[in-house]
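If you read the sequences in order, they're chains A and B. The numbering of the first sequence is our numbering, which starts it at 233 and goes up by one. The numbering of the second sequence is our numbering, which starts it at 660 and goes up by one. Have a look at the structure below before the remarks.
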Amino acid sequence: MEFFRKTLDPIIALAAIAVLDIFMFLLMGAWTVGGGETMMTGLMAQAVLGDELDRIPFWSIVFPPHADYWKIYISLGMLFGAFVGAVASKEFYLRVPRHLSEWVLITIGGLLMGFGIRLAYICNVSTFFGLMPEMNLGGYLAMSGIIAGAWVGSLIYKKLLERDA
Amino acid sequence: MTPIVECLVAFLFGSVAGLLMQRSRFCNTAALRDAIMFKTYRNTKAMLVAMMILTVGFTGFMSVGAGHPLQFDVGLNTFAGLFLFGIGMVLAGACTVSTWVKAGEGNIGALWALIFTFVGMFLFSLVWSASWWPPAPQTMTGQINAPALQLGFANAQTLQDKFGIPAIVFGLAQTAFLALLYRGILRRERAQHAEHEKHQREHQKKKAARAAAVEV
Numbered sequence: 233m234e235f236f237r238k239t240l241d242p243i244i245a246l247a248a249i250a251v252l253d254i255f256m257f258l259l260m261g262a263w264t265v266g267g268g269e270t271m272m273t274g275l276m277a278q279a280v281l282g283d284e285l286d287r288i289p290f291w292s293i294v295f296p297p298h299a300d301y302w303k304i305y306i307s308l309g310m311l312f313g314a315f316v317g318a319v320a321s322k323e324f325y326l327r328v329p330r331h332l333s334e335w336v337l338i339t340i341g342g343l344l345m346g347f348g349i350r351l352a353y354i355c356n357v358s359t360f361f362g363l364m365p366e367m368n369l370g371g372y373l374a375m376s377g378i379i380a381g382a383w384v385g386s387l388i389y390k391k392l393l394e395r396d397a
Numbered sequence: 660m661t662p663i664v665e666c667l668v669a670f671l672f673g674s675v676a677g678l679l680m681q682r683s684r685f686c687n688t689a690a691l692r693d694a695i696m697f698k699t700y701r702n703t704k705a706m707l708v709a710m711m712i713l714t715v716g717f718t719g720f721m722s723v724g725a726g727h728p729l730q731f732d733v734g735l736n737t738f739a740g741l742f743l744f745g746i747g748m749v750l751a752g753a754c755t756v757s758t759w760v761k762a763g764e765g766n767i768g769a770l771w772a773l774i775f776t777f778v779g780m781f782l783f784s785l786v787w788s789a790s791w792w793p794p795a796p797q798t799m800t801g802q803i804n805a806p807a808l809q810l811g812f813a814n815a816q817t818l819q820d821k822f823g824i825p826a827i828v829f830g831l832a833q834t835a836f837l838a839l840l841y842r843g844i845l846r847r848e849r850a851q852h853a854e855h856e857k858h859q860r861e862h863q864k865k866k867a868a869r870a871a872a873v874e875v
């Protein structure tokens with residue numbers, strides 16, 4: 233099929249996702265990822281720690297773990313959809329970072345993303361495709377934050393590239 | 660809707676979104692990073708188009724009280740959290756969306772980023788349990804709360820209630836602003852393209868001149 237041979241124009245892809253996201257907004261709420269990821273974190277922590285998790289009030293007050301939280305399944309769906317797309321277009325193969333420095337950067341980046349999402353009560357997807365279109369005050373705060381952060385991150389990244397070069 | 664149906668709808672939406680993103684190589688991180696670092700706008704343009712469609716759609720339905728807008732207080736933590744996120748996504752080379760999409764393509768680095776996103780969230784739960792800041796949803800008031808560094812809650816709906824002007828009017832104003840940004844990017848791209856062609860022509864001319872000199 234042509235769809236799996238050629239790269240799709242991201243403008244078409246995102247316009248289609250936006251239309252679907254409007255349906256999501258009407259049914260349950262706009263596209264989001266961070267909330268589902270938090271719930272997964274809670275479920276995994278519960279599986280490991282059991283009742284000990286009660287000693288961390290965050291998980292009983294802010295995010296009591298529930299497996300039937302719909303936002304979890306958006307993320308699992310994205311994993312599945314991307315897997316199907318990659319296999320169908322013969323683009324699925326294991327890519328493993330080669331340098332130790334890459335592993336270190338990814339680890340630090342991941343930690344900052346997880347910590348930041350929870351501090352803000354919001355992720356970047358909700359910022360661009362939820363809060364901003366709802367004209368929520370938080371959208372403008374979050375947008376300023378992520379642009380400033382991406383700028384600082386790019387400065388750090390450039391410095392690292394120059395050092396390696 | 661029962662929770663099961665909600666989960667199924669969410670999975671279906673996620674699957675289509677994941678498929679479209681895999682096929683288009685769209686990435687939110689690239690939308691910001693490439694514009695800042697490389698002055699290229701392939702992903703930025705797609706993001707702006709989606710935001711324009713969504714602004715019209717969301718504020719349009721909010722004008723008649725439909726839809727499920729997010730409801731929680733925002734404040735300094737909203738800015739600070741996304742600031743940390745912004746640094747993290749550039750370092751990791753992926754955001755919340757592309758970690759899932761790239762993991763689905765077999766990218767072990769993306770999977771690693773995802774695992775540490777979970778770890779970061781768990782670390783925050785420990786910090787929150789000691790600091791109790793930002794305020795838990797149960798104690799959010801929707802109003803300015805200076806001691807907790809909170810600005811309260813406001814969106815297109817509250818604007819409509821306050822000023823008696825339909826939410827869509829504000830939405831159209833925001834869309835117009837986003838459209839101006841989009842036009843600015845197109846102009847910049849055209850200028851880049853013209854510059855590139857000029858360089859190429861000069862390069863060709865120099866090459867031809869060199870070839871002529873050799874012949875002489």
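Glycine residues also receive a C-beta, built at the ideal position from the N, C-alpha and C atoms. This one's a predicted model, so the numbers in the text were calculated from it and none came from an experiment.
Just the Cα atoms here: how many angstroms apart are residue i and residue j?
i                      : j                      : result
residue 760 of chain B : residue 311 of chain A : 5 Å
residue 328 of chain A : residue 719 of chain B : 45 Å
residue 325 of chain A : residue 690 of chain B : 25 Å
residue 248 of chain A : residue 846 of chain B : 25 Å
residue 788 of chain B : residue 277 of chain A : 15 Å
residue 369 of chain A : residue 363 of chain A : 8 Å
residue 803 of chain B : residue 345 of chain A : 27 Å
residue 844 of chain B : residue 854 of chain B : 15 Å
residue 681 of chain B : residue 774 of chain B : 20 Å
residue 381 of chain A : residue 238 of chain A : 33 Å
residue 819 of chain B : residue 828 of chain B : 9 Å
residue 660 of chain B : residue 259 of chain A : 9 Å
residue 299 of chain A : residue 309 of chain A : 15 Å
residue 355 of chain A : residue 294 of chain A : 16 Å
residue 669 of chain B : residue 683 of chain B : 21 Å
residue 795 of chain B : residue 264 of chain A : 19 Å
residue 704 of chain B : residue 866 of chain B : 36 Å
residue 717 of chain B : residue 764 of chain B : 32 Å
residue 861 of chain B : residue 849 of chain B : 18 Å
residue 250 of chain A : residue 832 of chain B : 19 Å
residue 812 of chain B : residue 728 of chain B : 11 Å
residue 816 of chain B : residue 244 of chain A : 29 Å
residue 342 of chain A : residue 762 of chain B : 14 Å
residue 366 of chain A : residue 323 of chain A : 36 Å
In or out: residue i buried (at least 16 other Cβ within 10 Å) or exposed?
i                      : result
residue 836 of chain B : exposed
residue 273 of chain A : buried
residue 723 of chain B : exposed
residue 672 of chain B : buried
residue 256 of chain A : buried
residue 664 of chain B : exposed
residue 873 of chain B : exposed
residue 268 of chain A : buried
residue 698 of chain B : exposed
residue 332 of chain A : exposed
residue 732 of chain B : buried
residue 877 of chain B : No statement about residue 877 of chain B is possible, as the shown extent of chain B runs from 660 to 875 and does not include it.
residue 678 of chain B : buried
residue 337 of chain A : buried
residue 286 of chain A : exposed
residue 798 of chain B : exposed
residue 851 of chain B : exposed
residue 303 of chain A : buried
residue 839 of chain B : exposed
residue 233 of chain A : exposed
residue 770 of chain B : buried
residue 793 of chain B : buried
Tell me, which residues are paired with residue i by DSSP?
i                      : result
residue 816 of chain B : Per DSSP, none; premise fails for residue 816 of chain B.
Could you tell me if the beta carbon of residue i falls within a distance shorter than 7 Å of some heavy atom in the ligand NAD?
i                      : result
residue 249 of chain A : The ligand NAD is not part of this structure, which contains no ligands at all.
Which residues, taken in chain order from the region 350-367 of chain A, show a beta carbon closer than 9 Å to some beta carbon of chain B?
-> 350, 351, 352, 353, 354, 355, 356, 357, 358, 359, 360, 361, 362, 363, 364, 365, 366, 367
Output, in sequence order along the chain, the residues in the region 338-350 of chain A whose CB is closer than 8 Å to any CB in chain B.
-> 338, 339, 340, 341, 342, 343, 344, 345, 346, 347, 348, 349, 350
Just by C-beta distance, which residues in the region 246-264 of chain A are closer than 9 Å to chain B?
-> 246, 247, 248, 249, 250, 251, 252, 253, 254, 255, 256, 257, 258, 259, 260, 261, 262, 263, 264
What residues in the region 278-297 of chain A bring their beta carbon closer than 7 Å to a beta carbon of chain B?
-> 288, 289, 290, 291, 293, 294
Note down, one range per segment and in chain order, each beta strand (DSSP E) of at least 3 residues found wholly within the region 726-814 of chain B.
-> 809-811
Residue ranges of each alpha helix (DSSP H) run of no fewer than 4 residues wholly in the region 327-360 of chain A, ordered along the chain?
-> 332-352
What are the start and end residues of each continuous alpha helix (DSSP H) run of 4 or more residues lying completely inside the region 249-321 of chain A, in chain order?
-> 266-281, 290-293, 302-320
Residues from the region 302-317 of chain A in contact with chain B, defined by Cβ distance under 8 Å = 302, 303, 304, 305, 306, 307, 308, 309, 310, 311, 312, 313, 314, 315, 316, 317
Kindly provide the ranges of any alpha helix (DSSP H) runs that are 4 or more residues long and lie completely inside the region 816-844 of chain B, ordered along the chain.
-> none
Which residues, taken in chain order from the region 661-674 of chain B, show a beta carbon closer than 8 Å to some beta carbon of chain A?
-> 662, 663, 665, 666, 667, 668, 669, 670, 671, 672, 673, 674
Relative to chain B, which residues along the region 373-391 of chain A have a C-beta separation below 8 Å, given in chain order?
-> 373, 374, 375, 376, 377, 378, 379, 380, 381, 382, 383, 384, 385, 386, 388, 389, 390
Quick one: which residues of the region 703-714 of chain B get their C-beta closer than 7 Å to a C-beta of chain A? List them in chain order.
-> 704, 705, 706, 708, 709, 710, 712, 713, 714
Minimum length 3: unbroken beta strand (DSSP E) runs contained in the region 662-695 of chain B | none
When Cβ atoms are compared, which residues of the region 767-788 of chain B fall closer than 9 Å to chain A?
-> 767, 768, 769, 771, 772, 773, 774, 775, 776, 777, 778, 779, 780, 781, 782, 783, 784, 785, 786, 787, 788
Closer than 7 Å, Cβ to any Cβ of chain A: which residues of the region 678-697 of chain B, in chain order?
-> 678, 679, 680, 681, 682, 683, 684, 685, 687, 691, 692, 695, 696
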